[in-house]
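Q: Have a look at this one before I ask anything.
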Amino acid sequence: MFARAVESLTAAVESVGAGGRLAASEIAAISVPGVPLSEPILARLAVLPPAERQLAIQKLATALTLARLEYLLQTTEDQLRQAAVHPSQTHQRAALEERIEALYRAQARFRALKQNADSLTDVLAAIERAAHAHEGRTVGQTAPRGPRTPAPVSTPGQGPWLGGGLELSPTRS
């Protein structure tokens, strides 16, 4: 479910980034009921640098997968309630209960993975900030600087470049 979401989002972002348009059915396929996506969101993802774009796509896919799991849980629980009304549907109730348990387990696993990914993202962001600050300091240390003292002003007859001696001046002929 997650891998499919990443693939679909990546393809949609690349299509929108290349100037393409998505059909309503394509947007519906990557969206979750109650969590619609739009082309402007995908266009914003397309302008990110590749590494940041991929990370953002994975975060969005995670959020969409969790929303999809929640939606599946709700619809399956609704089906179970409907099946509970009819005592003759024992096999269907058992299958629905099994599916609900599997969805809850998948949701718990996915939430744990999301928390780990969020922690990793925080660590990567801290590393990026530290590296950016270090690069700023390093570039600042090696950047060419102007003179620290003002340039000496020469007065006629006292050239600073000649050790205070006489300046040579062109002779008139």
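So in our numbering, the last spot in the sequence shown is 251, and the numbers never skip. Even glycine gets a Cβ: it sits at the ideal position worked out from N, Cα and C. Note that this is a predicted model, so its numbers are computed, not measured.
1) I'd like to confirm the pairing. Which residues does DSSP put opposite V163 in its beta bridges?
2) What residues match up with V110 in a beta bridge as DSSP calls it?
3) Verify whether the separation of the beta carbon atoms of Q136 and V94 is less than 8 Å.
4) On the criterion of 16 or more Cβ atoms from any shown chain inside 10 Å, does R146 qualify as buried, or is it exposed?
5) Return the first residue and the last residue of the alpha helix (DSSP H) that A81 is part of.
6) For T154, which residues of its own chain have a beta-carbon under 7 Å away from its beta-carbon, when the five flanking residues on both sides are left out?
7) Taking the alpha-carbon of L100 as reference, which of S86, L133 and D196 has the nearest alpha-carbon?
8) Taking the beta carbon of I51 as the centre, do at least 16 other beta carbons fall within 10 Å, making it buried, or is it exposed?
9) Rounded to whole angstroms, what is the Cα-Cα separation between V163 and G112?
A: Taking the geometry as given:
1) Its beta-bridge partners do not exist; DSSP assigns none.
2) According to DSSP, V110 bridges with V113.
3) Pairing Q136 with V94 gives a Cβ-Cβ distance that is not under 8 Å.
4) With 16 or more other Cβ atoms from the protein chains shown falling within 10 Å of its own Cβ, R146 counts as buried.
5) Per DSSP, A81 belongs to the alpha helix (DSSP H) from F80 to G95.
6) If we look at T154 and ignore the five residues flanking it on each side, its Cβ neighbours are L174, R177, I178 and L181.
7) Of the candidates S86, L133 and D196, the one whose C-alpha sits nearest the C-alpha of L100 is S86.
8) Lying before the first or after the last residue shown, residue 51 is absent from the chain, which here runs from 79 to 251.
9) One C-alpha to the other measures close to 28 Å.
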